[in-house]
Amino acid sequence: MTADDLSKELFTDQKAAADKYKNKWIQVEGGVYKVKKAYGHVELTLRGAPPKANTVGCSIDCLVVAADIEKVWQFGKNQKVSVFGRVQGFGPLLSLDLAEATVKELEPSKLIRLTAEELAAEYAKQPMVAHEKYTGDSFSIPIVLTGTVAELIDDDGSKIVVLTGTGNTQPRVGIYKDDWATLKKGDKVTIRAEAASVDVEKANSPKLDAGFLIKKD
Numbered sequence: 004m005t006a007d008d009l010s011k012e013l014f015t016d017q018k019a020a021a022d023k024y025k026n027k028w029i030q031v032e033g034g035v036y037k038v039k040k041a042y043g044h045v046e047l048t049l050r051g052a053p054p055k056a057n058t059v060g061c062s063i064d065c066l067v068v069a070a071d072i073e074k075v076w077q078f079g080k081n082q083k084v085s086v087f088g089r090v091q092g093f094g095p096l097l098s099l100d101l102a103e104a105t106v107k108e109l110e111p112s113k114l115i116r117l118t119a120e121e122l123a124a125e126y127a128k129q130p131m132v133a134h135e136k137y138t139g140d141s142f143s144i145p146i147v148l149t150g151t152v153a154e155l156i157d158d159d160g161s162k163i164v165v166l167t168g169t170g171n172t173q174p175r176v177g178i179y180k181d182d183w184a185t186l187k188k189g190d191k192v193t194i195r196a197e198a199a200s201v202d203v204e205k206a207n208s209p210k211l212d213a214g215f216l217i218k219k220d
């Protein structure tokens, strides 16, 4: 079934859908909305159809098996994928949780990959043009950044990795706290994150959030 079809069942009668699917293994096809890391796990979210125009559709949150994590971090926004997993439960805001999920690409990824220096150079030259490019139509676009850790900041509990950029313009990435704890200045890293804003007080440095570490050299 598609994520749209499943979301329509949830909107029509969530209790009936819960009775029908709970603890069942299902296969769902849909577009990638988000990839994130939480509590040591990687979660893939598909977004279903909204009940009417200009409203938010239900989310299908998939807890990915360890063997497929390498695939998942390479998925781009809205990329079509297929997920097979066990329905673990239903959330209060029309969300459905799939556990032990395995994934398969249905089309090639268009995920953006840049060095920290390349991203910084774009923001240093034309900050608002770069910001609009990487935030899309009100939704942040995932980016995979490679670079060198210039500084680690604990901002009242928020964990930030500053990467070496161009001049004083340096990408600042809000990152999963357990990943932050493994890093030190000078590490060569690959991080997946989403563009969030421009820090005009720091030479138009790009600020990203929802970051997690993919690789450290």
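Position one of the sequence shown corresponds to residue 4 (this note's numbering), numbered consecutively onward.
Ideal Cβ placement from N, Cα and C applies to all residues, glycine included.
Values in this document were obtained by computation on a predicted structure and should not be read as measured data.
When the Cα atoms are used, aspartate 16 and leucine 97 turn out to be separated by approximately 10 Å. In terms of Cβ geometry, glutamate 120 and glycine 168 form a close pair [threshold 8 Å]. Per the coordinates, the alpha-carbon of alanine 184 lies some 42 Å from the alpha-carbon of glutamate 12.
Membership of valine 132 in the alpha helix (DSSP H) is indicated by the continuous run 130 to 138. When secondary structure is reduced to three states using DSSP, lysine 188 falls in the coil class, being assigned neither helix nor strand. With 16 or more other Cβ atoms from the protein chains shown falling within 10 Å of its own Cβ, glutamine 173 counts as buried.
Taken atom to atom, the span from the alpha-carbon of asparagine 81 to that of valine 75 is near 13 Å.
For serine 208, the number of other beta carbons within 10 angstroms of its own is at least 16, and it is reported as buried. With fewer than 16 other CB atoms across the displayed protein chains lying within 10 angstroms of its CB, proline 111 is exposed.
Short of 8 Å from the beta carbon of valine 68, and not among the five residues preceding or following it, lie these beta carbons of its own chain, in chain order: Glu103, Ala104 and Thr105.
Comparing alpha carbon positions, the residue from Leu211, Asn171, Tyr126 and Thr5 closest to valine 164 is Leu211.
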